[in-house]
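2 protein chains.
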Amino acid sequence: MNAKINRPTAERLSLYYHYLKEHISPAEATVSSQQIADIIKVDPTLVRKDMAAISLRGRPRAGFDIEQAKTRIREVLGFNTVHRTVLVGAGRLGSALAAYPEFRDYGLHILALFDTNPAKIGTFVGARMIYAMSELSNIVRSQNVEMGIITVPADTAQSVADQLVAAGVTGIWCFSATQIHTPANVVVRQEHLSAGLADILYRQAVKRHEQVEQVAE
Amino acid sequence: MNAKINRPTAERLSLYYHYLKEHISPAEATVSSQQIADIIKVDPTLVRKDMAAISLRGRPRAGFDIEQAKTRIREVLGFNTVHRTVLVGAGRLGSALAAYPEFRDYGLHILALFDTNPAKIGTFVGARMIYAMSELSNIVRSQNVEMGIITVPADTAQSVADQLVAAGVTGIWCFSATQIHTPANVVVRQEHLSAGLADILYRQAVKRHEQVEQVAE
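Sequence lines, in order, name chains A and B.
So that you can map any letter, position 181 of the first sequence is 943 in this note's numbering, and since no number is skipped, the others follow by simple counting.
So that you can map any letter, position 105 of the second sequence is 867 in this note's numbering, and since no number is skipped, the others follow by simple counting.
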């Protein structure tokens, strides 16, 4: 850790990284803050501020060196480290996440899946086997797993979180529609799909309202 | 539309709603801003500010009337309106989203799924049929579909977005790992799973670093 940044900055840096990786032609060596800002839809001043926070400074007219920026963001956000992970809940969402190709580039290695459904235990999602819950503690301990992804129904998410924490994980990424509680030494990120939905529905309603007002004028 | 709020406020209101729906016992009639703040992990002042923005004010000592708050948030965020939606990309993530039980309560009605895989066309995910892409335009127009959810691979997301926009949707919720471009009258929300991952990995790294520093002191 050699840069102190806040959570929104970390999230934006990951988007810049994604953009640098995906959208820049191999012929380009540099990118301007304006180009990044146009894609991510933020202010170019904010792009420069975020980059400066991790000691990246663009050259006048040319902008940021793309390879240097990618390397530095990977380093700061910890994408070069292998993050040993298990996923609990091998349903549709869990299987989709386990198969998500991008994660590997971020250092996320899902070693094993767990489920309570006897019909699933011993079967595979891609190259990963689905284990019984009774194996969770043993595998987390013996494989030095640091992170757990939870994709079980809301009413069992807390119990799964408790088992993961007891076995020693220090991070939980929870996709179940409930707020889980963990000791202060565990980092939790709760994904709220409904919050994304609320955002888009509200903005659509605002836009419709504006159009009605324009017609009325 | 009878309240002007910004996007972060809309997203937080949806989390308050979720909390009010899930965590409050039926015996309780009121909830304090402190109780909400503790669960969502924000400042109680912010909860009161968000609630005031949609004309909800708590009573001293008692707090907010729960039923009134739920009703008002639903009204402002448009959860009472039926949002006619199609989903393109009936893979694992698409099927998981189509089956997500929470969405219905937010007014999101997924009418049909679309895929390019001939083996999937004509089959069902829950009660919804998977159609061929050639039917997209016709179904969107004839069913007055306003929103499209995109869960196709990144390299085809823009083409799907173009087809949805041409057929008349006004909102796109994109889960593909790419930034799509649409006309200004279309509301787009891009979900970046990698940004969530970056956030949790970075916070874990910070925490480990702090612990190392404490040991070294």
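Ideal Cβ placement from N, Cα and C applies to all residues, glycine included.
task = Determine, using beta carbons only, whether K882 (chain B) comes closer than 9 Å to chain A.
result = no
Quiz prompt | Neighbour list for K783 (chain A) in chain B, Cβ cutoff strictly below 9 Å | solution = Simply none; closest approach about 10 Å.
Quick check: is the beta carbon of I802 (chain A) nearer than 9 Å to any beta carbon in chain B?
yes
Check your understanding: Measuring CB to CB, does G884 (chain B) end up less than 9 Å from A861 (chain B)?
Key -> no
So, is D812 (chain A) buried or exposed, given that buried needs 16 or more other C-beta atoms within 10 angstroms? buried
- Item | Close beta carbons around F841 (chain B), own chain, < 6 Å, minus the five adjacent residues each side | Y868, G869
Open item on the list: Using beta carbons (cut-off 9 Å, strictly below), is T878 (chain B) in contact with chain A?
Closed with: no
**Message:** Contact defined as beta carbons within less than 8 Å: I believe Y778 (chain A) pairs with I828 (chain A). What is the distance between those atoms, to the nearest angstrom?
**Reply:** No, Y778 (chain A) and I828 (chain A) are not in contact; Cβ-Cβ is about 10 Å, not under 8 Å.
Worksheet item: Any contact of the stretch 905–917 of chain B with the stretch 926–944 of chain B, i.e. 3+ C-beta pairs under 8 Å?
Response: yes
Based on Cα-Cα distance, which residue from B:S795, B:I802, B:Q920 lies nearest to G820 (chain B)? B:S795
When you compare the CB of S857 (chain B) with every CB in chain A, is at least one pair closer than 9 Å? yes
>> Pop quiz: L963 (chain B) and H845 (chain A) are said to be a contact at Cβ under 8 Å. What is the actual Cβ separation, rounded to whole angstroms?
In response: 6 Å
ask   = So, using beta-carbon positions, are Y781 (chain B) and I798 (chain B) closer together than 9 Å?
value = yes
Return the Cβ separation of R903 (chain A) and A929 (chain A) in integer angstroms, given the expectation that the two are a contact with Cβ distance under 8 Å.
6 Å
Identify the contact partners of V949 (chain B) in chain A, using a Cβ-Cβ distance below 7 Å as the criterion. I962, R965, Q966, K969
Going along the chain, which residues of its own chain have a beta-carbon closer than 8 Å to the beta-carbon of V980 (chain A), five neighbours each way excluded? Residue 980 (chain A) is absent from the model: chain A starts at 763 and stops at 979.
Given a cut-off of 9 Å, decide if A916 (chain B) and D877 (chain B) are closer than it, judged by their beta-carbon atoms. no
Inter-residue spacing [alpha-carbon to alpha-carbon] between L898 (chain A) and T847 (chain A) = 12 Å
Please report how far the alpha carbon of Q952 (chain B) lies from the alpha carbon of E864 (chain B), in whole angstroms.
19 Å
How about A874 (chain B) and L849 (chain B): are their beta carbons less than 9 Å apart? yes
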